[in-house]
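Using the UniProt record's numbering, read the sequence shown as starting at 1 and increasing by one per residue. Reviewing the structure listed below.
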Amino acid sequence: MYQFRAYLLPIVFLSWLLLAATLLASDCSINGFPLVRNISELPQSNYGREGLSHITLAGSLIHGLKEASIMIEVWLQTFSPGSQTPIHRHSCEEVFVVLKGTGTLYHASDSHGKYPGQPKAFPIFANSTFIVPVNDVHQVLFYHLKFCQVVYKNSAGSCLVYCFRVAEGIVKIAISFLFPSVSNTDNSEDLQLLAIVSRPPVKVFMYEDWSMPHTAARLKFPFYWDEHCFDSSVKDEL
């Protein structure tokens with residue numbers, strides 16, 4: 001009996017070491033990451049969406065965040081000129097901080113109707129912030145300022161701006177708005193957003209257009225940047 005235990009102890013100890021090494025080396029556990037990280041060295045991808053660069057700075061799955069009472073994720077997203085998010089909604093809140101660039105938030109707040117309906121357009125710009133409530137259908141678009149024209153400037157320095165897009169070979173006015181004087185006018189900059197998302201991992205319902213019924217929206221879960229670390233055996237509390 002004692003001889004059996006003598007053989008068993010090294011095996012158990014070796015197994016524990018191998019398990020610990022696996023957890024430490026995993027890219028889906030916070031134990032595998034240094035306390036301070038260089039953002040420019042973090043993994044980034046467009047996840048098949050042209051014009052997007054996504055970095056998960058702090059994630060519930062990839063970094064193993066466990067504090068349920070304040071569970072959030074933090075993303076850094078960069079959009080190139082002409083790119084956009086899909087029209088979508090999700091059962092979480094989003095807080096955005098625009099770090100640089102200019103763009104447009106389309107927001108349809110009526111989540112109780114059969115479909116989103118005509119959205120309202122809001123200009124977003126460097127040093128601005130906005131919050132998207134739970135299940136509000138929205139979309140973010142980026143318009144390069146070289147496709148915009150100032151048509152009026154008031155005494156406070158704010159400008160009435162028309163931005164254009166090309167659809168089926170026809171130049172159309174995409175949006176017009178009163179742009180603050182503090183806006184970023186560097187034509188070389190992309191639109192860069194810091195996003196803080198509640199209740200991760202995020203469940204996203206995507207729409208083909210603003211008249212698509214809510215019941216027909218396509219669910220994407222786990223979302224593209226959560227697929228690698230998603231564990232289907234974990235119970236969903238939402």
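C-beta atoms are modelled at their ideal positions from N, C-alpha and C, and glycine is treated no differently.
In this structure, how does DSSP classify residue i when only helix, strand and coil are distinguished?
i, result
"Phe223", "coil"
"Phe215", "The amino acid occupying residue 215 in the given sequence is Thr; Phe does not appear at that position. Helix at Thr215."
"His228", "helix"
"Phe91", "In the sequence under discussion, the amino acid at residue 91 is Ser, which differs from the Phe named in the question. If DSSP states are grouped into helix, strand and coil, Ser91 belongs with coil."
"Ile11", "Here Ile11 scores only 42 on pLDDT, less than 50, and its place in the model should not be relied on; the value that follows carries that caveat. Ile11 falls in the helix class under three-state DSSP."
"Ser40", "helix"
"Ala68", "With a pLDDT of only 46 at Ala68, under 50, the local geometry of the prediction cannot be trusted, and the value read off the model is given with reservation. In the structure shown, Ala68 sits in a helix (DSSP, three-state: H, G or I)."
"Val74", "strand"
"Lys100", "strand"
"Val197", "strand"
"Lys172", "With a pLDDT of only 49 at Lys172, under the threshold of 50, the placement of this residue in the model should not be trusted, and no figure is reported."
Is the separation between the beta-carbon of residue i and that of residue j shorter than 8 angstroms?
i, j, result
"Phe72", "Val137", "Residue identity check: residue 72 is Ile in the sequence provided, not Phe. Result no, Cβ atoms of Ile72 and Val137 do not sit closer than 8 angstroms."
"Ser83", "Leu52", "yes"
"Val140", "Thr85", "yes"
"Tyr115", "Tyr224", "no"
"Trp75", "His54", "yes"
"His107", "Pro123", "no"
"Ile197", "Glu94", "Reading the sequence as shown, one finds Val at residue 197 and not Ile. In this structure, Glu94 lies closer than 8 angstroms to Val197 by Cβ."
"Val132", "Leu194", "no"
"Ala217", "Met206", "yes"
"Gln192", "Thr104", "no"
"Trp210", "Gly117", "yes"
Please determine, among the options, the residue with the shortest C-alpha to C-alpha distance to residue i.
i, options, result
"Pro81", "Pro213, Phe142, Pro201", "Phe142"
"Glu189", "Phe125, Leu219, Lys114", "Phe125"
"Cys92", "Ala217, Val202, Trp210", "Val202"
"Pro34", "Glu50, Leu57, Ser45, Arg49", "Leu57"
"His214", "Glu227, Pro200, Ser109, Phe130", "Ser109"
"Asn127", "Val134, Leu99, Asn135", "Leu99"
"Phe221", "Glu208, Pro200, Met212", "Pro200"
In terms of DSSP beta bridges, what is residue i paired with?
i, result
"Lys203", "Paired residue(s): none; Lys203 is not in a bridge."
"Leu35", "Per DSSP, none; premise fails for Leu35."
"Phe79", "Leu52, Leu191"
"Gln139", "Tyr106"
"Pro123", "Thr104"
"Thr129", "Val97"
"Gln118", "Gln118 is not bridged to any residue."
For chain D, find out if any of its Cβ atoms is closer than 8 angstroms to the Cβ of residue i; answer yes or no.
i, result
"Lys203", "Considering every chain present, this structure includes no chain D. It has just one protein chain."
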